[in-house]
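First the structure, in the form of structure tokens, and then the observations on it.
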Amino acid sequence: MKQHPTLFLVHFVATAAMTGLIWFVQVVHYPMFSDIPAEAFLTYEIEHQLRTSSVVIPFMMTEFLTGCYLALRSRPLLSGRDLMLFRGSMFLLAIVWGSTFLIQVPLHEELSQTADPYLIDSLVCSNWIRTICWSMRSLILGALMVQWLIIKE
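Numbering of the sequence shown is given in our numbering, commencing with residue 5 and proceeding in unit increments.
Below, the structure is given as structure tokens:
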């Protein structure tokens with residue numbers, strides 16, 4: 005990874021940013037959906053989607069694109085355990101994207117039509133998938149970063 009330290013750093017920062025953001029969403033933001041008055045909820049949900057997208061899309065795309073590039077171009081640079089860890093982190097990223105587009109996005113679409121407490125609970129519960137996966141990615145990539153930047157230098 006010594007040939008791509010800046011790219012790996014960008015990848016790690018995007019992952020760390022999403023990890024921090026997802027913990028805020030999981031612990032603070034999504035649970036507060038239940039506190040929004042029903043008459044204001046639909047407007048709130050639509051505004052939430054617009055504002056949140058403008059924050060998360062750049063980080064998610066950066067994480068995805070740099071991760072794919074590193075996965076495709078780093079094979080000669082990674083071996084053994086490091087390669088397995090990086091591949092594992094990319095598998096976790098695939099789970100995040102799958103969960104986002106197969107679970108969370110459809111729930112948000114439904115919530116933009118109806119303020120259903122069951123849907124809000126489903127959103128909070130299912131979001132743990134992304135919270136756990138992004139947290140694990142941050143730990144894995146952080147460990148690889150320490151190894152590559154400190155131990156191997």
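Beta carbons: idealized from backbone N, C-alpha and C, even for Gly.
| field | Classification of R96 by the beta-carbon crowding that lies within 10 angstroms, buried from 16 upward | value | According to the sequence provided, residue 96 is Leu. The question's Arg does not apply to it. L96 should be labelled buried.
| query | Pairing CB atoms from the segment 119–130 with CB atoms from the segment 53–65, are three or more of them under 8 Å? | reply | No, the segment 119–130 does not touch the segment 53–65.
| query | Going along the chain, which unbroken runs of the beta strand (DSSP E) with 3 or more residues stay wholly within the segment 11–96? | reply | Secondary structure in the segment 11–96: no beta strand (DSSP E) run of 3 residues or longer lies completely within the stretch.
| query | Could you give the residue range of the alpha helix (DSSP H) that holds W152? | reply | Counting along the chain, W152 falls outside any alpha helix (DSSP H), and DSSP gives it neither H nor E.
| query | With a Cβ-Cβ cutoff of 8 Å, do I124 and S38 count as a contact? | reply | For the 8 Å CB-CB criterion, I124 and S38 form a contact.
| Integer Cβ distance of L148 from F105, believed to fall under 8 Å | About 27 Å; that fails the 8 Å criterion.
| field | L54 and S93 closer than 8 Å at C-beta | value | It is not a contact, given that the beta carbons lie outside the stated cut-off.
| message | My output table needs one value for A119: the three-state DSSP class, helix, strand or coil. | response | Per DSSP, reduced to three states, the secondary structure at A119 is coil, with no helix or strand assignment.
| Cα separation between Q108 and L46? | Taking the straight line joining both Cα atoms gives about 16 Å.
| request: State yes or no: is the C-beta of W152 within less than 8 Å of the C-beta of V100? | output: Cβ distance not < 8 Å, so W152 and V100 don't count as in contact.
| field | Presumed contact (8 Å Cβ cut-off) between S116 and E49, rounded CB distance | value | Indeed they touch by this definition, with Cβ atoms about 5 Å apart.
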